[in-house]
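The structure appears right after this line, and notes come after that.
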DNA sequence: CTGAAAGCGCTTACAG
DNA sequence: CTGAAAGCGCTTACAG
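Chains as they are written, first to last, in our numbering: chain A, 1 to 345; chain B, 1001 to 1345.
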């Protein structure tokens, strides 16, 4: 099968005894072509099972109608939801997606970005890997004339289009809620502080404590507890403290919160009466644990659509004077569930 | 930035005063080129920030080093895991992925496939949408000389490479296990029977009943209960029967099984003592529900890797006489958890 | 080992 | 409205 020769515009032109350029015009629905020939070309194209070679078309036109996406892992709920959103919006505009995963490694992230540059994608959408520190490869994208959009895990210092959550505000609200539920010693599981999102979440936590005149207790702030295992380890450590916390804000992820819940359950500590738990991201499972876990919804599918549409707007406004907002911040929503509700309303 | 002109092999050739063909050879590491010139070219390429235009290269070579993937939804655990597996294996071989989602609609599936054909992908990997009945678009892929690989939800009559699960066997084992746990009236939630996988799972169910000389009770077989909501509806209906079932095999998915569990929980029916529940797919949440749900692991990431590697093998053996197996069946694994264990071992 | 030339399949100014 | 021609950036037989 591989050897089968595909139909080209020349085959159609030859059969109809017209010029290839006319065929091309007819196929791209130009209005500089006679209606009759247009119909004839379309009919013949269908008969010969013609498929436009997008590669050739793109090469000629100097654009690929392709968006490259780089995420840490495709099979993590948050990212797969964002990708689904990007796909939906892109599909409507006739754009394709090339997807790469960085596996949370900057080294692989760099390779992915280079591949996408080679592919001549029109736009690269990226959420940084956790160990991403140097951003030369992102600068490289810009230098190659490719639109760069960062989302969620962004490098703040790079002036690019960005779609982010208001992490600080969400975090502030979550901790405020816990304080209002009467929790006095609220621990923070924080993520790698080289990522801005995790720094912002910490700030939100600190601001909430400040607002309610509560002391900042260093022993209740645990670094780098952003997976289920690390969350569980941190919880063991915290709950064995002379003065253990009465609530834990797993600011890094719901996976971390799940680790907290499991350890509490094993240790026979009751949630939410003895220990409040709040996660981050609204993973599907947070609704079905017992008790259900309070968390923060990031509207991930919507975030994906927003990313794609931001690119399309930017393209349309390229030559206009109107200024498009460069950073879109989506307000996340605190979902109060059982794991933090000990006051009956 | 968009206007920036990229460096081409001609820029390098001009600067070094050699032919473009030599530059091309040097860059593709041909051994028909002097070591000294090769080094010089590489150095200059780096200086000028040269990036090969893959579009042009692929157009000339007549292949794209791209695999197109069509799945119902990117953001469903099973599919995102398969995609992650495909990505990993493809990345190692220098292949890119273009991802589309059919949204379970044959109409969109057809458009996706056509887009991928236009993109001149080398291979299309597909898992059919639920309402896929006619398969002309898949035949079209083959007719266009593109390798077609089906996985999981396959059209049996099409002679293509396939990677599947042994659904019948897995289903048989699951039901046998439930029978051995003493369940007497085991209901089946079945999926749309136009999909082979759901037919196979039904056969496995029936075979298990037959083996243990148990009657087939038509009122316990519920059609089309393959989402959480449909699973819940079916459960309400079943549990209100004069003679309700004492176990439910949600052969369609874990989501369906979750619907069963929630209804049982609302109705105050104890799992597993009064009602046994078994799902399908090993979604992450099945481990953390209370009780945890017995299910079947499909090894989804491995399945993805297998798909990609099958393609690469097929390519390598194209001109050899050796025959590559056309259908790879992965044996799924029954994971026995709390929701079906009422005998203490 | 190197160069000149053709060609992958398309699009688009340029003439008419 | 239509055609002839150039060119997108690369690769690869063909000569030498």
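A virtual CB, placed ideally from N, CA and C, is assigned to each residue, including glycine.
If you're wondering where the values come from, they're calculated on a predicted model, not measured in any experiment.
Any heavy atom of the ligand NAD closer than 7 Å to the Cβ of residue 41 (chain A)? As presented, the structure is devoid of all ligands, the ligand NAD included, so that no description of it is given.
Nearest chain A C-beta to residue 1313 (chain B) closer than 8 Å, yes or no? One-based indexing of the second chain puts residue 1313 (chain B) at position 313. Chain A has no Cβ within less than 8 Å of the Cβ of residue 1313 (chain B).
Along the beta strand (DSSP E) that carries residue 77 (chain A), what are the first and last residues, could you check? As a working mapping, residue 77 (chain A) is identified with position 77 in the first chain. No beta strand (DSSP E) holds residue 77 (chain A); the alpha helix (DSSP H) holding it covers 77-92.
Could you check the C-alpha separation between residue 57 (chain A) and residue 1136 (chain B) for me, to the nearest Å? For the purposes of this step, residue 57 (chain A) is identified with residue 57 of the first chain, where counting begins at 1. For the purposes of this step, residue 1136 (chain B) is identified with residue 136 of the second chain, where counting begins at 1. If I take the Cα positions, the gap works out to 26 Å.
Over what stretch of residues does the alpha helix (DSSP H) that includes residue 1056 (chain B) continue unbroken? As a working note, residue 1056 (chain B) is residue 56 in the second chain. For residue 1056 (chain B), the enclosing alpha helix (DSSP H) has its first and last residue at 1054-1061.
Which residues bound the beta strand (DSSP E) around residue 96 (chain A)? By one-based count along the first chain, residue 96 (chain A) stands at place 96. Segment 96-101, the beta strand (DSSP E) holding residue 96 (chain A).
Going by beta carbon distance, what residues of the same chain come within less than 6 Å of residue 384 (chain A), once the five residues before and after it are set aside? For residue 384 (chain A) there is no data in the structure shown, the boundaries of chain A being 1 and 345.
Once you ignore the five residues that flank residue 244 (chain A) on each side, which residues in its own chain have a CB closer than 7 Å to its CB? The sequence position of residue 244 (chain A) within the first chain is 244, counting from 1. Excluding sequence neighbours, residue 244 (chain A) sits near 238.
Give a yes or no on whether the minimum CB-CB distance between residue 1317 (chain B) and chain A is below 8 Å. Within the second chain, the letter at position 317 stands for residue 1317 (chain B). It does not: the Cβ of residue 1317 (chain B) has no partner Cβ on chain A nearer than 8 Å.
Could you run through the region 1115-1140 of chain B and flag, in chain order, every residue whose CB is less than 7 Å away from some CB of chain A? Those residues of the region 1115-1140 of chain B that come within reach of chain A (Cβ to Cβ, closer than 7 Å) are 1115, 1117, 1118, 1119 and 1120.
Is residue 168 (chain A) close to chain B, meaning its C-beta is less than 8 Å from at least one C-beta of that chain? Indexing the first chain from 1 puts residue 168 (chain A) at position 168. It does not: the Cβ of residue 168 (chain A) has no partner Cβ on chain B nearer than 8 Å.
Under the three-state reduction of DSSP, which class applies to residue 1 (chain A): helix, strand or coil? To locate residue 1 (chain A), count along the first chain from 1; it is residue 1. The pLDDT assigned to residue 1 (chain A) is 37, lower than 50, so where the model puts this residue is not dependable, and the model offers no usable value.
Answer yes or no: does any C-beta atom of chain B fall closer than 8 Å to that of residue 194 (chain A)? In the first chain, counting from the first residue as 1, residue 194 (chain A) sits at position 194. Contacts with chain B at 8 Å (Cβ-Cβ) do not include residue 194 (chain A).
Buried or exposed: which applies to residue 90 (chain A), given that a residue is buried once 16 or more other Cβ atoms fall within 10 Å of its Cβ? Within the first chain, the letter at position 90 stands for residue 90 (chain A). With 16 or more neighbouring CB atoms inside 10 Å of its own CB, residue 90 (chain A) falls in the buried class.
Return the residues of the region 1088-1112 of chain B that lie within a Cβ-Cβ distance of less than 9 Å from chain A, sorted by chain order. Within the region 1088-1112 of chain B, the residues whose Cβ lies closer than 9 Å to some Cβ of chain A are 1088, 1091, 1094, 1096, 1097, 1098, 1099, 1100, 1101, 1103, 1108, 1111 and 1112, listed in chain order.
At the level of alpha carbons, what is the spacing between residue 235 (chain A) and residue 1300 (chain B)? Translated into positions along the first chain, residue 235 (chain A) becomes position 235. Translated into positions along the second chain, residue 1300 (chain B) becomes position 300. Approximately 31 Å between the Cα atoms of the pair.
Three-state secondary structure assigned by DSSP to residue 1297 (chain B): Your numbering for residue 1297 (chain B) matches position 297 in the second chain. Residue 1297 (chain B): strand per DSSP, three-state reduction.
So which of A:123, A:144, A:108 and A:48 has the shortest CA-CA distance to residue 69 (chain A)? What you label residue 69 (chain A) is simply residue 69 of the first chain in a count that begins at 1. Taking residue 69 (chain A) as reference, the option from A:123, A:144, A:108 and A:48 with the minimal CA-CA separation is A:123.
Going along the region 140-152 of chain A in order, which residues come within less than 9 Å of chain B, judged by CB to CB distance? Those would be 140, 142, 143, 144, 145, 146 and 147, in chain order.
Taking 6 Å as the limit between beta carbons, can you name the residues of its chain near residue 1213 (chain B), skipping five residues before and five after? For this step, residue 1213 (chain B) is matched to residue 213 along the second chain. Counting only Cβ-Cβ distances below 6 Å, and skipping sequence neighbours, we find nothing.
Considering only the alpha carbon of each residue, which of A:254, A:208 and A:226 lies closest to residue 195 (chain A)? Within the first chain, the letter at position 195 stands for residue 195 (chain A). For residue 195 (chain A), the closest of A:254, A:208 and A:226 by C-alpha to C-alpha distance is A:226.
Residue from B:1253, B:1277, B:1269 and B:1272 with nearest C-alpha to residue 1283 (chain B): Residue mapping note: residue 1283 (chain B) aligns to position 283 of the second chain, counting from 1. Checked all of B:1253, B:1277, B:1269 and B:1272; the closest Cα to residue 1283 (chain B) is B:1253.
Which bits of chain B does residue 228 (chain A) rub up against, with CB to CB less than 9 Å? One-based indexing of the first chain puts residue 228 (chain A) at position 228. Residues of chain B passing the Cβ test: none, with the nearest at roughly 10 Å.
With distances taken between CB atoms, is the gap from residue 1147 (chain B) to residue 1314 (chain B) smaller than 8 Å? The residue given as residue 1147 (chain B) occupies position 147 in the second chain. The residue given as residue 1314 (chain B) occupies position 314 in the second chain. For residue 1147 (chain B) and residue 1314 (chain B), yes; Cβs fall inside 8 Å.
So, is residue 1075 (chain B) buried or exposed, given that buried needs 16 or more other C-beta atoms within 10 angstroms? Stepping through the second chain from its first residue, residue 1075 (chain B) is reached at position 75. A buried status is given to residue 1075 (chain B), since no fewer than 16 other beta-carbon atoms sit within 10 Å of its beta-carbon.
Are the C-beta atoms of residue 12 (chain A) and some chain B residue less than 8 Å apart? Taking the first chain and counting its residues from 1, the one referred to as residue 12 (chain A) is at position 12. Residue 12 (chain A) is outside the set of residues whose beta carbon lies under 8 Å from a beta carbon in chain B.
Contact set between residue 64 (chain A) and chain B, taken where Cβ atoms lie within less than 8 Å: Stepping through the first chain from its first residue, residue 64 (chain A) is reached at position 64. Simply 1055.
Suppose you measure from the CA of residue 1340 (chain B) to the CA of residue 1220 (chain B); what does that come to, to the nearest Å? One-based indexing of the second chain puts residue 1340 (chain B) at position 340. One-based indexing of the second chain puts residue 1220 (chain B) at position 220. Within the model, the alpha-carbon separation for residue 1340 (chain B) versus residue 1220 (chain B) is close to 18 Å.
Check whether the region 1092-1104 of chain B touches the region 1034-1047 of chain B, counting contact only when three or more Cβ pairs, one atom from each stretch, lie closer than 8 Å. With the cut-off at 8 Å, the region 1092-1104 of chain B and the region 1034-1047 of chain B do not touch.
Against chain A, with Cβ distances strictly below 8 Å, would residue 1029 (chain B) count as a contact? The count along the second chain starts at 1 and reaches residue 1029 (chain B) at position 29. Not one chain A Cβ lies under 8 Å of residue 1029 (chain B).
Residue environment, residue 174 (chain A), which counts as buried when at least 16 other CB atoms sit within 10 Å: As a working mapping, residue 174 (chain A) is identified with position 174 in the first chain. Around the beta carbon of residue 174 (chain A), 16 or more other beta carbons lie within 10 angstroms, which makes this residue buried.
Chain-ordered neighbours of residue 1172 (chain B) on chain A, where CB pairs are closer than 9 Å: If you number the second chain from 1, residue 1172 (chain B) lands on position 172. Result: empty, since nearest Cβ-Cβ is about 28 Å, beyond 9 Å.
Taking residue 51 (chain A) as the reference, give the member of A:60, A:28, A:73 and A:61 with the closest Cα. Looking up residue 51 (chain A) in the first chain gives position 51. Ranked by how close their Cα comes to the Cα of residue 51 (chain A), the residues A:60, A:28, A:73 and A:61 have A:28 in first place.
Might you give, ordered along the chain, the residues of its own chain that have their beta carbon closer than 6 Å to the beta carbon of residue 342 (chain A), omitting 5 neighbours on each side? Reading the first chain from its first residue, position 342 is the one you call residue 342 (chain A). Only residues of its own chain outside the window of five on either side were considered, and among them 181, 272 and 273 have a CB closer than 6 Å to the CB of residue 342 (chain A), listed in chain order.
Within 8 Å (strictly less), CB to CB, does residue 42 (chain A) reach chain B? Here residue 42 (chain A) corresponds to residue number 42 of the first chain, with the count starting at 1. Taking Cβ atoms only, chain B never reaches closer than 8 Å to residue 42 (chain A), which makes this a no.
Which first and last residues belong to the alpha helix (DSSP H) in which residue 1013 (chain B) is found? As a working mapping, residue 1013 (chain B) is identified with position 13 in the second chain. Where residue 1013 (chain B) is concerned, the enclosing alpha helix (DSSP H) stretches over 1009-1016.
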